[in-house]
Amino acid sequence: MRILRDTTPSRDGYHMPGEFEPHEGCLMIFPERADSWQYGAYAARRAFVRVAEAIARSEKVTVCAGAAQYDNARSMLPPHIRVVEMESDDAWARDYCPTFVRNGKGDVRGVDWGFNAWGGLHDGLYFPWDRDNRMARKLCDLLERDVYDKRDFILEGGSIHVDGEGTCLTTEACLLSRGRNPDLTREQIEECLREYLGISTVIWLPCGIYNDETNEHVDNICAFTAPGEVVLSWTEDREDVQYAMSAACLEVLERAVDAKGRRLKVHRLPLPGPVTITREECQGLDLNGDEPTRTPGERLAASYVNFYISNGHIVMPGFHDPADEQAREILQGLFPDREVVQIYARDILIGGGNIHCITQQIPGEPPGAAAGGKPDGGATTESDG
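Residue numbers (my numbering): 63 to 447.
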């Protein structure tokens with residue numbers, strides 16, 4: 063593995079592919095942090111295992127586990143899912159595993175961004191975060207991929223979505239927050255995204271999902287489903303605080319033009335009803351320092367947009383909510399060649415994110431160079447039973 067410091071992906075002819083393009087595999091991290099995952103993380107681990115198994119139906123999955131949890135992870139996960147011992151501070155693979163970029167020949171490299179727990183000492187969620195910040199480079203070494211050193215720029219994978227054709231989605235609430243890159247202007251941040259993602263156009267949404275403690279990551283509010291098409295978290299309830307937030311994003315998307323000069327086609331994906339944490343769930347969480355992680359009745363940032371696109375499947379969250387089925391049907395219509403698998407994800411959501419947040423794709427061959435997965439087109443639901 064080479065650590066590349068004197069060049070950028072854009073200069074070298076690399077770009078970040080869309081998530082809907084073929085994958086070589088997926089990275090995840092086994093949960094154990096007691097102030098993130100209630101009651102010893104047992105329920106969270108079962109949910110993570112179901113996600114890993116669904117993804118592993120059509121692509122290779124690697125799960126990182128700390129020394130204390132390696133044996134448990136190996137026991138709970140099936141043999142065809144690789145488990146490696148690697149320490150981290152929590153289990154958000156999307157945010158501090160490498161962002162992968164690819165060139166026209168199919169060569170893949172990683173980008174090692176700086177990570178400071180979603181805001182550092184200004185408004186970050188935990189301290190320290192040094193083990194998380196080392197994971198991207200370690201994983202590139204494991205995967206034998208060269209890596210671009212960009213640790214001087216704070217960015218999480220959940221704060222960006224790309225179409226693979228030159229367009230990036232992000233939110234102002236996140237990337238312009240004081241806890242990330244306060245000395246950089248919006249234009250300087252855009253230039254960094256251009257150089258390290260290989261894109262030319264940035265579409266800035268004003269905000270994300272209400273009470274999303276990541277400063278409103280884009281992957282919870284809006285995602286590309288194909289070049290020129292996005293899904294947007296939506297509610298028809300004008301009394302819900304989320305209505306104005308989603309409407310502000312819709313206004314931006316409807317007037318946006320992507321890198322290819324296209325107007326975006328926006329598909330509205332309904333939100334579940336407000337999901338709040340219970341007193342019993344709060345009692346199962348350790349303190350974060352001397353403060354409670356959550357308080358009873360706190361609204362969690364539940365969204366169906368937080369799904370993962372694998373080679374053959376859409377792995378999406380469910381909340382035992384009346385909107386579960388409608389959201390699943392919409393995604394099945396948008397991805398007719400993939401099977402939609404809906405997994406009950408409350409035990410992931412309690413930790414602060416969802417299925418997209420706990421996964422990170424490794425790109426495969428460019429489209430047309432290799433077939434990805436063997437989708438069979440149906441929709442299934444998995445739950446605790």
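Cβ coordinates follow ideal geometry from the N, Cα and C atoms, glycine included.
Proximity winner among LEU333, GLU149 and LEU139, relative to PRO190 (alpha-carbon distances): Position 128 of the sequence shown, counted from the start, is the residue given in the question as residue 190. Answer by Cα proximity: GLU149.
Burial state of ILE117, where buried means 16 or more other Cβ atoms lie within 10 Å: Against the sequence shown, residue 117 aligns to sequence position 55. Burial call: buried.
Cβ-based burial, HIS142 [other Cβ within 10 Å; buried from 16]: Reading the sequence shown from its first residue, position 80 is the one you call residue 142. So HIS142 ends up on the exposed side.
HIS279 versus ALA235 - alpha carbon distance: For the purposes of this step, residue 279 is taken as residue 217 along the sequence shown, with counting starting at 1. For the purposes of this step, residue 235 is taken as residue 173 along the sequence shown, with counting starting at 1. If I take the Cα positions, the gap works out to 8 Å.
Nearest-angstrom beta carbon gap, ARG164 and PRO425 [assumed within contact, 8 Å]: Locating residue 425 in the sequence shown gives position 363, where the first residue counts as 1. Locating residue 164 in the sequence shown gives position 102, where the first residue counts as 1. About 5 Å; that satisfies the 8 Å criterion.
Segment contact flag, the stretch 291-302 with the stretch 318-338, C-beta cutoff 8 Å, min 3 pairs: yes
ARG248 to ILE371 span [Cα, whole Å]: Walking along the sequence shown from the start, residue 248 turns up at place 186. Walking along the sequence shown from the start, residue 371 turns up at place 309. Spanning the two alpha carbons is a distance of roughly 30 Å.
Unbroken stretches of the beta strand (DSSP E), 3 residues or longer, contained in the stretch 222-275: 229-233 and 263-267
Nearest candidate by alpha-carbon position, reference PHE82, set ALA364, TYR101 and LEU393: Translated into the one-based positions of the sequence shown, residue 82 becomes position 20. If we check each option's Cα against that of PHE82, LEU393 comes out closest.
Limits of the alpha helix (DSSP H) - the one that GLY380 falls within: Taking the first residue of the sequence shown as 1, we reach residue 380 at position 318. Segment 375-380 is the beta strand (DSSP E) holding GLY380; no alpha helix (DSSP H) there.
Reference ALA153, options MET63, ILE412 and THR287, closest by Cα: On the sequence shown, position 91 is the one that residue 153 refers to. Comparing Cα positions, the closest option is ILE412.
Local Cβ density within 10 Å of LYS322, reported as buried at 16 or more and exposed below that: Looking up residue 322 in the sequence shown gives position 260. Label assigned to LYS322: exposed.
Through-space distance from THR338 to THR70, alpha-carbon basis: Along the sequence shown, one-based indexing puts residue 70 at 8. Along the sequence shown, one-based indexing puts residue 338 at 276. Between THR70 and THR338, the C-alpha separation is close to 43 Å.
DSSP three-state assignment for CYS159, whether helix, strand or coil: In the sequence shown, residue 159 corresponds to position 97, counting from 1. Three-state DSSP puts CYS159 in coil, outside helix and strand.
Alpha carbon of GLY128 to alpha carbon of GLU115, nearest angstrom: Residue mapping note: residue 128 aligns to position 66 of the sequence shown, counting from 1. Residue mapping note: residue 115 aligns to position 53 of the sequence shown, counting from 1. Answer to the nearest angstrom: the Cα atoms are 20 Å apart.
Inter-residue spacing [alpha-carbon to alpha-carbon] between PHE381 and GLU391: Numbered from 1 along the sequence shown, position 319 holds the residue referred to as residue 381. Numbered from 1 along the sequence shown, position 329 holds the residue referred to as residue 391. If I take the Cα positions, the gap works out to 15 Å.
Cβ neighbours of ARG136 in the same chain (closer than 7 Å, five flanking residues each side left out): As a working mapping, residue 136 is identified with position 74 in the sequence shown. Excluding residues within five positions, the ones whose Cβ falls inside 7 Å are VAL145.
Pair within 7 Å by beta-carbon distance, PRO428 and GLY168: As a first step, residue 428 is located in the sequence shown; it is residue number 366 there, counting from the start. As a first step, residue 168 is located in the sequence shown; it is residue number 106 there, counting from the start. Yes, Cβ-Cβ distance for PRO428 and GLY168 is below 7 Å.
Unbroken alpha helix (DSSP H) run spanning LYS200, endpoints: Position 138 of the sequence shown, counted from the start, is the residue given in the question as residue 200. Looking at the DSSP string, the run of the alpha helix (DSSP H) that includes LYS200 is 192-205.
Identity of the residue in THR357, ASN416, ASP348 and ARG207 nearest VAL377 by Cα: If you number the sequence shown from 1, residue 377 lands on position 315. The shortest Cα separation from VAL377 among THR357, ASN416, ASP348 and ARG207 belongs to ASN416.
Contacts around TRP180, its chain only, beta-carbon distance under 6 Å, and the 5 residues preceding and following it disregarded: Along the sequence shown, one-based indexing puts residue 180 at 118. Excluding residues within five positions, the ones whose Cβ falls inside 6 Å are GLY186, LEU187 and THR276.
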